[in-house]
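As structure tokens, the structure follows; a few thoughts come after it.
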Amino acid sequence: MTNFLDQLPKHIREIAEQVNVLAPEEVLTTPKIRFLDTRQQSLYTLVRKCTPDDVRVLKDAAAKWLAEMPQAADSLFKPLANVRWSRVSFGCSALDRCTGGGVVTRGITELCGAAGVGKSQLLLQLSLCVQLPTELGGLGKGVVFICTESAFPARRLLQISKALAKRYPQDKLNFLGNIFVEHHYETEKLLHCVINRLPRLMQQHGIGLIIIDSVAAAFRFYTDYLERARQMRRMADALLSYADKYNCAVVCVNQVAASGGQDEVPCLGLQWAHLGRTRLRVSQVPKQHKLVDHLITVRKLEILYSPETPNDFAEFLITEDGVVDVPEPAYTRQPAKMRRL
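Under the working numbering, residues 1234 to 1574 are what the sequence shown spells out, in order.
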């Protein structure tokens, strides 16, 4: 789409190039706030170069270009399909292969597992990867991270963000400036945040991922199960509407509990299970991998159910730099056996 950019004024063309939105179809489908938002630039950027009038000129030029250019009928459906079935990469090739590319921007994805298995580490890495451009597996958008159990692990996020910035130095993203954190330890405050406050934030900022860690902490101790089901349905309806309207992924963490001596099962029963679209389980594998001079426990991500991805699993490691693949074992040739004559 070089011709489209060339016919724009220089300062308007720089706005499109600044956010890496180069095609006229992308210009029309990109929220205005993304062009106006300076958080993706350096922390030292103080002057906002783009104005609402500039965005209007850019979108008008894109609409005029598409109206004058003939298109095939099948091309009209491609942008819609790409927008509605986006995925957020885990930043780990093994997990992306297992899940078909990452967390889908449709419905609610549940991430369950026992305490300490690495759920929070996966969430932190997702919070960073969603900010990457689409060609790198992200959405180029921000994150809403709602904590209901413990404090947000800000130091660990900073550590992983530095490693990701070294991996993608050409993007120069301000990862920490695109994550909005809330702490709510009571159900009523959580519902008020999700139903009343979150819509305003979604309208003002480009949000590509909503995380609630965890739903079990907010609803587990209800004694009135009918009321609990009603409140969970209210929250789920709101989250589903955001996922559909803003094309964002929704990930909710759930705890697990032992039941009758059997394997651990996710909490909240069928009342919550029927509200989710995909369920992923994280667990530890009884084996370790030696990395440099340290033995690291191997973890496993398993797909319990998903409408578009078959049941599968993948193993991964949690290192200082975040979630990574398990390295392939080095092949050592066995010495040839001597034959007796």
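Cβ atoms here follow ideal geometry from the backbone N, Cα and C, with glycine treated the same way.
Could you check whether T1332 and A1482 sit closer than 8 Å to each other, using their CB atoms as the reference points? Inclusion of A1482 and T1332 in the CB contact set at 8 Å is not warranted, their separation being larger than that value.
Alpha-carbon spacing of T1278 relative to N1407, whole angstroms: The pLDDT assigned to T1278 is 42, lower than 50, so where the model puts this residue is not dependable; a value taken from the coordinates is nonetheless given after this. The straight-line gap from Cα to Cα measures roughly 11 Å.
Leaving out the 5 sequence neighbours to the left and right, which residues in its chain are closer than 8 Å to I1245 when beta-carbon positions are compared? For I1245, same chain residues with a beta-carbon under 8 Å away, outside a window of 5 residues either side, are D1287, V1290, L1291 and A1294 in chain order.
Enumerate in chain order the residues of its own chain whose CB-to-CB distance from G1370 is below 8 Å, with the five nearest sequence positions on each side excluded. Around G1370: R1320, V1321, S1322, G1324, D1329, G1334, G1335 and C1362.
If you count every other CB in all the chains shown that lies within 10 Å of the CB of Y1538, and 16 or more means buried, which is it? The C-beta of Y1538 has fewer than 16 other C-beta atoms within 10 Å across all chains shown, which makes the residue exposed.
Fully enclosed by the stretch 1326 to 1391, which beta strand (DSSP E) runs are 3 residues long or longer? Listed in chain order, the beta strand (DSSP E) elements of length 3 or more contained wholly in the stretch 1326 to 1391 are 1341 to 1345 and 1375 to 1380.
Taking 8 Å as the cut-off, does the stretch 1462 to 1480 touch the stretch 1391 to 1405 (at least 3 CB pairs, one atom from each stretch)? In short, these stretches do not touch, since the Cβ pair count stays below three.
Between the stretch 1441 to 1452 and the stretch 1375 to 1392, do three or more beta carbon pairs fall short of 8 Å? Cβ pair count under 8 Å is three or more, so yes.
DSSP state of T1552 mapped onto helix, strand, coil: It is a strand residue.
For Y1418, is the classification buried or exposed, using 16 other Cβ atoms within 10 angstroms of its Cβ as the cut-off for buried? Around the beta carbon of Y1418, a 10 Å sphere encloses fewer than 16 other beta carbons of the protein chains shown; the residue is thus reported as exposed.
Where the beta strand (DSSP E) containing S1516 begins and where it ends: Per DSSP, S1516 belongs to the beta strand (DSSP E) from T1511 to L1524.
Starting from K1533, follow the beta strand (DSSP E) in both directions and report where the run begins and ends. From DSSP, the beta strand (DSSP E) with K1533 extends over H1527 to Y1538.
Give me the Cα-Cα distance between Q1273 and G1410, rounded to the nearest whole angstrom. With a pLDDT of 44 at Q1273, under the threshold of 50, the predicted position of this residue should be treated as unreliable, though the coordinate-derived value follows. Q1273 and G1410 have their C-alpha atoms roughly 8 Å apart.
So, using beta-carbon positions, are N1544 and T1338 closer together than 8 Å? Against a cut-off of 8 Å, the Cβ pair of T1338 and N1544 comes out as no contact.
For the alpha helix (DSSP H) containing P1499, list its first residue and its last residue. It is not in any alpha helix (DSSP H) - P1499 instead sits in the beta strand (DSSP E) that spans E1497 to P1499.
Classify Y1487 as helix, strand or coil using the three-state DSSP reduction. A quick correction: the sequence has Asn, not Tyr, at residue 1487. Residue state, collapsed to three classes: strand.
Report the three-state DSSP secondary structure of V1280 (helix, strand or coil). Residue placement at V1280 is flagged as unreliable, the pLDDT there being 41, under the threshold of 50; the coordinate-derived value follows with that caveat. Secondary structure of V1280 (DSSP, three-state): coil.
Between the C-alpha atoms of E1415 and L1357, what's the straight-line distance to the nearest angstrom? Here the alpha carbons of L1357 and E1415 stand approximately 14 Å from one another.
Tell me whether D1457 sits in a helix, a strand or coil according to DSSP, three-state version. The answer is coil: DSSP assigns D1457 none of H, G, I, E or B.
Roughly how many angstroms separate the alpha carbons of V1489 and K1243, rounded to a whole number? Roughly 56 Å separates the two Cα atoms.
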